[in-house]
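Asker: In our numbering, the protein residues as written are 6 to 172.
The C-beta atom is built at its ideal place from N, Cα and C for all residues, glycine as well.
Please find one structure pasted underneath; my questions will follow.
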């Protein structure tokens with residue numbers, strides 16, 4: 006209520022207020038729609054992982070974050086050449102490896118860590134043949150193909166290693 010000798014408020018709130026109010030009554034329906042769209046996409050892109058291609062390991066830039074490892078944009082061409090079988094840069098995106106030709110390796114440790122990351126990925130990789138009856142040199146065996154499942158979420162997530170400090 007107003008105090009003192011003021012005019013009694015007489016505001017007019019009937020000026021099409023419904024046009025200026027944003028409601029969220031469709032939020033549960035949107036949640037359901039997004040979930041169904043994710044399921045349809047997973048079926049469509051089978052057998053590739055749902056979270057997208059493999060990314061390299063990089064360190065944060067600033068002093069606050071440089072001790073933490075996170076997922077980067079893509080592997081450098083040097084890392085692809087140094088890996089176990091030497092993955093060609095045009096083959097890498099087809100087997101789920103992201104490539105960034107701008108990436109430069111400034112330290113030997115990170116280069117070796119990313120090459121090891123690629124070797125681990127390649128050991129776990131199951132490559133389906135383009136044609137069901139004709140298999141090529143890099144394709145997986147029929148036994149591996151029978152047991153293959155689609156990975157839901159991140160394939161090889163970046164896990165921070167706990168360092169034990171001793172003083």
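#1: Take every Cβ of the segment 21–29, pair it with every Cβ of the segment 125–138, and state whether three or more of those distances are shorter than 8 Å.
#2: Is residue 120 near residue 87, with beta carbons less than 7 Å apart?
#3: Terminal residues of the continuous beta strand (DSSP E) containing residue 62?
#4: Expressed to the nearest angstrom, what Euclidean distance is found between the alpha-carbon atoms of residue 145 and residue 132?
#5: Give me whichever residues DSSP pairs with residue 164 in a beta bridge.
#6: What does residue 50 pair with, by DSSP beta-bridge criteria?
#7: When you compare each of 156, 83 and 75 to residue 44 by their alpha carbons, which one comes out closest?
Answerer: Quick answer:
#1: With the cut-off at 8 Å, the segment 21–29 and the segment 125–138 do not touch.
#2: Against a cut-off of 7 Å, the Cβ pair of residue 87 and residue 120 comes out as a contact.
#3: DSSP places residue 62 inside the beta strand (DSSP E), whose first and last residues are 62–64.
#4: Near 5 Å, if we compare the C-alpha coordinates of residue 132 and residue 145.
#5: DSSP lists no partner for residue 164.
#6: Paired residue(s): none; residue 50 is not in a bridge.
#7: For residue 44, the closest C-alpha among the options 156, 83 and 75 is that of 156.
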